Each structure stands twice: as C-alpha cells, then as structure tokens.
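Read through the structure below, which is laid out as structure tokens, and then see the notes.
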Amino acid sequence: MPASANALRWSGQPGHYEVYYVTLTEPSTGVGLWIRYTMVAPKPGGEPATCSLWFLAMDPRPGASTPVGRKASFGIDQLSAEPDPFELRIGEAVLSDAGMSGRFEDVAWELSWTPAPRAYESVHPLLQRLGAAQTVLVLPHADVSIDGHVTIGAERIEVAGARGGQAHLWGSKHARSWAWVHCNDFVDRQGQPVPDTFIDGVSVVVSRLGREVGPSTPMVARIWGHDFLSTSPPRILRNRSEFELSGWRFEARDRRYRLVGRVEAQPHQLAGVTYHDPDGELAYCYNSEVASLQLEVYDRARSGGTEPTATLVSSGRAHFEYAQRTPVSGVELLTR
4 MPASANALRW
14 SGQPGHYEVY
24 YVTLTEPSTG
34 VGLWIRYTMV
44 APKPGGEPAT
54 CSLWFLAMDP
64 RPGASTPVGR
74 KASFGIDQLS
84 AEPDPFELRI
94 GEAVLSDAGM
104 SGRFEDVAWE
114 LSWTPAPRAY
124 ESVHPLLQRL
134 GAAQTVLVLP
144 HADVSIDGHV
154 TIGAERIEVA
164 GARGGQAHLW
174 GSKHARSWAW
184 VHCNDFVDRQ
194 GQPVPDTFID
204 GVSVVVSRLG
214 REVGPSTPMV
224 ARIWGHDFLS
234 TSPPRILRNR
244 SEFELSGWRF
254 EARDRRYRLV
264 GRVEAQPHQL
274 AGVTYHDPDG
284 ELAYCYNSEV
294 ASLQLEVYDR
304 ARSGGTEPTA
314 TLVSSGRAHF
324 EYAQRTPVSG
334 VELLTR
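Per my numbering, the sequence shown starts with residue 4, numbered consecutively.
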C-alpha cells in the first residue's frame with residue numbers, strides 16, 4: 004500500500020471511479036454529516052471525466068427540516084492530488100490525512116483530526132491481488148476525534164470531539180446492491196462510553212456471469228483496543244447478512260470475537276442519492292447518518308463465546324447506507 008492509504012489510484016485511465024468520505028455525528032446537536040470527494044472516468048466512448056463535492060446532513064432535533072443534500076460537479080481539470088504527504092483538491096476544497104475544508108452553494112466545512120496510527124482494509128489482500136473485487140475499500144482513519152465547524156444555510160455548527168471516520172474506495176463498478184455501516188460512538192448498557200471501539204462493515208451482492216451472487220460480508224472493527232478482521236474469502240461468505248432499506252442484521256466472526264449487529268434507520272431520515280458507474284449504469288443509495296446500532300459482542304477469551312460478553316449501543320450515532328439498482332418509491336433523491 005502507498006505511504007498514505009488515501010493516495011489517489013486513478014492515473015488517467017477510463018473506466019474508473021474513486022471516492023473519499025468522512026462521516027461523523029456532532030455530539031451536542033446529534034446532527035449527522037456525510038461529506039464526499041469523488042471522481043468518475045467513464046469507459047471509452049462515454050462522457051468526459053468529472054469530479055464532485057457532496058454534502059449531506061441529517062438533523063434529528065425537533066422541528067428540523069428533512070435531510071439536506073448538496074452536490075457540485077466540475078470538469079476533471081479541477082481535480083489534483085499529491086501522494087506524500089497526501090493532499091487531494093477539487094476546486095477550492097481540500098482533503099488531507101489531517102483534515103478537510105471546502106464550501107459551495109450554502110454549505111461549508113472546516114474539520115481536522117489527528118491521523119490514525121494504521122489503516123484497515125475491508126477487501127482481503129488476496130482478492131486485491133487477483134483483481135476479484137470491482138471495488139476496494141480502505142479506512143485510512145477509521146476512528147478519530149474531529150474538531151472544527153460546518154455551515155448549513157444560515158446555521159454554523161461547532162464540532163468538538165466528534166467521533167468519526169474517513170474512508171477511501173475505488174474501482175470499476177459498484178455492486179448490484181449493498182448495505183454498509185460505520186460506528187465509533189458506542190455506550191454500554193450502563194450508558195458509559197466505550198473507548199477504542201469501532202465497527203465498519205459492508206455486505207454486497209454482485210453480478211457474476213449474468214447471475215447475482217452473494218451477499219459477501221467483510222467486517223473490520225476494533226473492540227476494546229483489540230483488532231477484529233473478518234475479511235478472508237471463506238469468512239466473508241459465511242458471515243450472515245440480511246439487509247433492506249430500513250436496516251440490516253448481520254453476524255461476523257474472527258478468531259476471538261463473534262459480533263451480532265442490528266442496524267435501524269428511520270425512513271424520514273434517509274437521504275436518497277444517485278451514484279454513476281463508469282459504464283453509465285446508475286445505483287440508487289439511501290443513507291442515514293443518524294441510524295442506530297445494537298452490537299452484541301461474544302468474546303471467546305472472556306466467556307468462551309457462548310454468552311454475550313457485552314451489548315454496545317449507538318442510538319442515532321451510527322452511519323448506514325442501503326443501495327440497489329432501481330429507485331425506491333417514496334424516498335426523495337436529493338442528488339443526481
């Protein structure tokens with residue numbers, strides 16, 4: 004892997020897309036944020052390559068408006084990147100390994116964090132070497148404390164000590180359907196914060212030889228300071244997964260832990276967005292940055308793994324996405 008897991012993989016070739024995003028929940032207001040920097044280089048014969056900035060926010064406060072969604076697209080000449088130290092620019096917006104800033108229309112952001120000591124890979128290195136994955140996902144900064152501020156319309160929201168994560172993915176095509184969750188803001192049954200703990204997982208159904216195959220469900224996590232990696236080719240097929248628009252039930256294992264999760268998203272807090280594949284096909288994605296997650300942890304080292312060692316809860320502070328290849332009736336598409 005390059006010096007920075009964030010290093011841009013696109014070198015000008017057609018048929019490629021690349022995405023960087025930060026998700027976080029501002030602790031005092033409960034507002035969930037999802038900020039993305041993206042590029043798409045269509046296959047030969049398609050439209051010119053483009054890059055985009057995305058800003059989505061979900062506000063659970065009483066009387067708040069429905070989710071906010073903004074997107075600004077530019078010619079690919081507005082994209083530039085340096086690998087070491089990493090810096091990506093789209094227009095005047097900047098992303099580095101220590102923060103991000105930008106503005107367009109009526110939204111703006113100025114956020115910073117201390118870089119994480121290591122990256123996590125959701126796609127097993129063997130599958131990457133074989134070229135078996137159409138999309139590769141890495142987490143350069145999976146669990147960081149974020150400070151700064153964001154502006155949404157006339158409101159400026161100060162961000163102090165928000166738990167969040169920054170991810171990077173690239174590939175040639177999105178899956179046929181998928182669910183994704185990220186959470187690093189848990190409390191235990193007594194309401195006490197759970198330190199040094201996060202989970203990031205995805206469950207995908209892909210097309211192989213004209214058939215839909217899956218789901219395949221890789222999970223990475225850190226549980227009380229112990230890494231959890233459930234990404235090997237046999238394991239991702241054995242991990243249990245059932246997902247739909249409003250939630251996801253999953254079970255994942257590694258050598259020490261078994262994690263059983265239930266994600267719930269309120270329909271009125273789902274933001275619909277449209278992703279464009281390099282071949283021109285569309286994926287319709289429904290995202291909530293104020294979802295909830297209950298995670299049961301079975302620890303073989305503590306209880307033999309037969310009873311839950313702990314139940315971790317994140318109410319309104321989990322980040323969830325559901326996607327399929329046709330639009331969902333009744334959920335507005337905020338970006339196209």
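All C-beta atoms in this analysis are idealised placements derived from N, C-alpha and C, irrespective of residue type, glycine included. Predicted model, so just to flag it, every value in this text is computed and none were measured.
For P236, the uninterrupted alpha helix (DSSP H) run begins and ends at 236–241, by DSSP. A check of alpha carbon separations from A122 across D109, D146, A111, S99 identifies D146 as the nearest. Secondary structure in the segment 104–155: the beta strand (DSSP E) runs of 3 residues or longer, each lying completely within the stretch, are 110–115, 138–155 in chain order. The DSSP-derived three-state label of P45 is coil.
When C-beta atoms of the segment 316–326 are compared with those of the segment 15–35, three or more pairs fall below 8 angstroms, so the two segments count as touching. Following the DSSP letters along the chain, one finds V334 in no beta strand (DSSP E), marked with neither H nor E. Under the three-state reduction of DSSP output, A274 falls in the strand class. Residue environment analysis places P236 among the exposed positions, since fewer than 16 neighbouring C-beta atoms fall within 10 angstroms of its C-beta. Its Cα nearest to that of H127, the residue T220 stands out among F253, V162, T220, R73. Its Cα nearest to that of P281, the residue G48 stands out among L82, S210, G48, G264. Taking 9 angstroms as the cut-off, the Cβ atoms of Y287 and V331 count as close. Distance from the CA atom of E50 to the CA atom of G264, rounded to whole angstroms, is 41 angstroms. Closest in C-alpha terms to S244, from the list D230, V266, D257, comes V266. In the DSSP assignment, T28 falls within the beta strand (DSSP E) that extends over 19–28. In the DSSP assignment, E324 forms a beta bridge with W183, N290. Between R159 and E108, the C-beta gap is not smaller than 9 angstroms, which leaves the two residues out of contact. Q195 carries a coil assignment under DSSP once its states are collapsed to helix, strand and coil.
A straight line joining the alpha-carbon of Y289 with that of T312 spans about 32 angstroms.
Between the segment 53–60 and the segment 83–90, the count of Cβ pairs shorter than 8 angstroms is below three; the stretches do not touch. The secondary-structure analysis by DSSP pairs D302 across a beta bridge with Y260.
A straight line joining the alpha-carbon of T338 with that of V276 spans about 5 angstroms. DSSP places D230 in the strand class (E or B) of the three-state scheme. As computed with DSSP, A224 is found in a beta bridge with I202, F231. Q272 sits close to M61, with the two beta carbons spaced by under 9 angstroms. DSSP, reduced to helix, strand and coil, places Q169 within a strand of the structure shown.
Taking C-alpha positions only, P45 is separated from W227 by approximately 43 angstroms. Apart from the 5 residues on each side of it in sequence, D100 sits with its Cβ closer than 8 angstroms to the Cβ of S7, N9, P88, F89, P118, P143, H144 in its chain, given in chain order. The alpha-carbon of D191 is positioned some 10 angstroms away from that of P198. The beta-bridge partner set that DSSP reports for T53 consists of V43, G78. The Cβ atoms of V22 and L172 sit closer than 9 angstroms to each other. Distances from the alpha-carbon of S295 to those of P63, H152, S104, E124 put P63 closest. Rounded to the nearest angstrom, the gap between the Cα atoms of A274 and L212 is 32 angstroms.
At a Cβ-Cβ threshold of 9 angstroms, Y20 and G134 do not count as neighbours.
In this structure, the straight-line span from the alpha carbon of L27 to that of A224 is close to 17 angstroms. One alpha carbon belongs to G167, the other to T200, and they sit about 12 angstroms apart. The beta-carbon separation of R258 and R238, rounded to 10 angstroms, does not stay under the 8 angstroms limit for a contact.
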